[in-house]
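Number of protein chains: 2
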Amino acid sequence: MKVVCIGSGNVATHLARGLKSAGHEIIQVWSRLPEHAEILAEELNAQAVTDLAELDVTAELYVIAVKDDAIPSVSASLKDIQGMVVHTSGATPMQVLEQNSHHGVFYPLQTFSKSRAIDFSRVPVCLEANSVETLTKLKKIAKELGSPVYEVDSERRKLLHLSAVFVCNFVNHLYTLGNELLEQHELDFDMLKPLIMETAEKVQVALPVNVQTGPAVRHDETTIFNHLELLGRNPQLREIYQTLSKSIKKTHQ
Amino acid sequence: MKVVCIGSGNVATHLARGLKSAGHEIIQVWSRLPEHAEILAEELNAQAVTDLAELDVTAELYVIAVKDDAIPSVSASLKDIQGMVVHTSGATPMQVLEQNSHHGVFYPLQTFSKSRAIDFSRVPVCLEANSVETLTKLKKIAKELGSPVYEVDSERRKLLHLSAVFVCNFVNHLYTLGNELLEQHELDFDMLKPLIMETAEKVQVALPVNVQTGPAVRHDETTIFNHLELLGRNPQLREIYQTLSKSIKKTHQ
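Protein chains in written order, with the working numbering: chain A, 4 to 256; chain B, 4 to 256.
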């Protein structure tokens with residue numbers, strides 16, 4: 004399949020690499036910034052493009068992986084296209100692509116970093132399309148990548164995206180705060196790494212609500228008091244400690 | 004080494020199993036509840052004891068793995084003992100054991116569940132002792148288990164324990180809340196599992212502050228607004244969303 008990749012960020016990069024590995028041909032890479040377009044295009048043996056008017060009109064798949072608020076204008080510039088046009092955003096309804104005859108959403112529910120290789124068998128792909136035909140084609144592509152495939156409409160995709168903020172973005176921030184506490188006392192973040200892994204691995208086989216541990220769930224007010232004392236001079240950490248402890252107690256009351 | 008295990012909870016169970024596997028002899032298991040003492044004692048081929056006065060006085064190591072507030076009374080009942088007396092608590096100073104001639108702390112920085120086997124190579128052990136001699140012996144034991152060993156005084160151990168609440172207990176609660184959001188919309192928690200693993204694995208090789216993603220760190224106020232709208236009827240989740248987003252912005256300002 005001939006594919007045009009619109010965007011050069013983390014999602015665009017990993018998805019384009021994955022599609023190429025699965026045997027598809029990336030014919031163009033678009034980015035607003037020439038340098039970004041060129042780096043990714045060169046890697047993929049594609050043409051670098053910075054003007055949306057220069058996009059090849061004969062491709063079978065157009066992957067829009069740009070910032071959410073830029074999707075509508077990209078979609079508009081592809082309005083006469085006969086190929087499939089998909090965006091990759093969790094937070095954006097499929098409807099923004101309605102100018103494109105064959106459109107859908109290809110949302111990879113994963114956190115991508117440029118420096119880390121991605122194993123698509125660990126990237127659930129959430130699909131939506133404006134026709135059964137397009138949905139079937141998108142499913143085939145996701146399966147070629149080796150991804151678990153889910154059909155998810157726009158409303159539920161928003162919820163998934165929100166949940167991902169809790170279990171990924173907020174979790175990573177808690178790792179950051181844990182490290183901050185250690186650094187202040189010259190303790191090594193390495194000490195926490197096995198605990199971080201075990202905590203994540205546990206919920207691969209158990210529901211998190213069933214494996215909650217710590218002072219809040221056992222209503223150990225002495226330890227909570229001592230922890231708040233330790234956080235004394237840091238109102239930001241105290242607020243987070245109190246908010247999350249309150250929520251744990253409420254969940255487990 | 005002859006070991007007496009005081010306690011029958013998660014830490015006591017895993018530590019006693021580990022010590023036995025490393026070639027030590029567990030001679031007694033104490034628990035307030037006869038049934039608990041008997042189950043663990045039987046598994047370890049040890050004597051079950053429910054009265055602290057019945058503890059064997061000839062062991063070389065007494066491991067106190069009971070609730071924090073019960074440690075002082077156990078320590079008092081061991082005051083004429085010549086063997087090493089250690090507790091396993093992150094939040095309790097070593098000083099509570101000062102009645103015991105040879106004492107220390109053996110704090111495994113990990114989350115234990117009875118149903119999950121523990122690989123001690125992934126359990127950092129934080130040690131403290133009242134003499135170089137005792138510290139050396141405890142180091143040897145921890146290394147026999149295959150654990151990474153750290154010397155950590157009582158003040159810094161409290162900080163580690165507090166950090167563990169952030170990166171383990173609070174993180175698991177965020178997993179719970181993510182699952183709660185999905186359940187309300189009949190979405191499967193399985194969909195989030197690869198994201199949870201990747202988020203934990205990323206910080207094994209990068210500092211979390213350097214891999215923060217999501218709407219808050221990129222000051223994407225539209226998405227934050229939409230997420231708060233979605234959380235509309237849930238003040239508990241809204242408060243957590245706002246508190247953590249504010250903290251992410253502050254960390255990355």
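Note that beta-carbon positions come from the ideal geometry of N, C-alpha and C, so glycine has one too.
This one's a predicted model, so the numbers in the text were calculated from it and none came from an experiment.
Per-residue burial, residue i [other beta carbons within 10 Å of its own, 16 or more giving buried]
i: Ser34 (chain B); result: buried
i: Arg160 (chain A); result: buried
i: Val174 (chain B); result: buried
i: Asn172 (chain B); result: buried
i: His39 (chain A); result: buried
i: Ser24 (chain A); result: exposed
i: Val226 (chain B); result: For the record, residue 226 (chain B) in the displayed sequence is Thr; it is not Val. Flag for Thr226 (chain B) reads buried.
i: Ser118 (chain A); result: exposed
i: Leu36 (chain B); result: exposed
i: Ser134 (chain A); result: exposed
i: Val208 (chain B); result: exposed
i: Glu201 (chain A); result: buried
Under 9 Å between C-beta atoms of residue i and residue j
i: Gln102 (chain A); j: Lys253 (chain B); result: no
i: Gly181 (chain A); j: Phe169 (chain A); result: no
i: Val14 (chain B); j: Val32 (chain B); result: no
i: Ala203 (chain A); j: Leu247 (chain A); result: no
i: Ser11 (chain B); j: Leu55 (chain B); result: no
i: Leu58 (chain B); j: Leu81 (chain B); result: yes
i: Thr16 (chain A); j: Phe115 (chain A); result: yes
i: Thr179 (chain B); j: Gln215 (chain A); result: yes
i: Glu150 (chain B); j: Pro197 (chain B); result: Residue identity differs from the one stated: residue 150 (chain B) is Ser in this sequence, not Glu. Contact flag unset, no.
i: Glu158 (chain B); j: His188 (chain A); result: yes
Residue i - partner residues in DSSP beta bridges
i: Cys129 (chain B); result: B:Tyr110 and B:Tyr153
i: Lys5 (chain B); result: B:Glu28
i: Leu64 (chain A); result: A:Val6 and A:Met87
i: Val52 (chain A); result: A:Trp33
i: His105 (chain B); result: B:Met87
For residue j and residue i, believed in contact at Cβ under 8 Å, the rounded distance
i: His105 (chain A); j: Val128 (chain A); result: No, His105 (chain A) and Val128 (chain A) are not in contact; Cβ-Cβ is about 18 Å, not under 8 Å.
i: His90 (chain A); j: Ile121 (chain A); result: About 19 Å separates the two Cβ atoms, so there is no contact after all.
i: His230 (chain A); j: Ile251 (chain B); result: In fact, because the Cβ distance is near 21 Å, the residues do not count as touching under 8 Å.
i: Glu131 (chain A); j: Met97 (chain A); result: 5 Å
i: Val206 (chain A); j: Ile199 (chain B); result: 6 Å
i: His164 (chain B); j: Ala94 (chain B); result: 5 Å
i: Tyr65 (chain A); j: Ile9 (chain A); result: 6 Å
i: Leu234 (chain A); j: Ser166 (chain B); result: So it is not a contact: roughly 11 Å between Cβ atoms.
i: Leu190 (chain B); j: Leu162 (chain A); result: 7 Å
Other residues of its chain near residue i: CB distance less than 6 Å, five sequence neighbours each side excluded
i: Glu41 (chain B); result: Ala51
i: Gly21 (chain B); result: Phe123 and Leu148
i: Gln113 (chain A); result: Val126
i: Ala19 (chain A); result: Cys8, Ile29 and Leu47
i: Lys5 (chain B); result: Glu28, Ile30, Ala62 and Glu63
i: Glu154 (chain B); result: Leu130
8 Å CB neighbourhood of residue i in its chain, flanking five on each side removed
i: Glu45 (chain B); result: Ala51
i: Asp83 (chain A); result: Val60
i: Pro75 (chain B); result: Val99
i: Thr137 (chain A); result: Met87, His105, His106 and Gly107
i: Lys146 (chain A); result: Val152
i: Asp257 (chain A); result: A question about residue 257 (chain A) goes unanswered here, because the residues of chain A that appear run from 4 up to 256.
i: Leu141 (chain B); result: Met87, Val89, Gly107, Phe109, Leu130 and Ala132
i: Arg2 (chain A); result: For residue 2 (chain A) there is no data in the structure shown, the boundaries of chain A being 4 and 256.
i: Thr53 (chain A); result: Trp33, Ser34, Arg35, Leu36, Pro37 and Ala40
Beta-carbon proximity list for residue i, same chain, < 7 Å, skipping 5 on both sides
i: Ala79 (chain A); result: Gln102
i: His255 (chain B); result: Gln215 and Val220
i: Val69 (chain A); result: Ile9, Gly10 and Val77
i: Asp156 (chain A); result: Glu131
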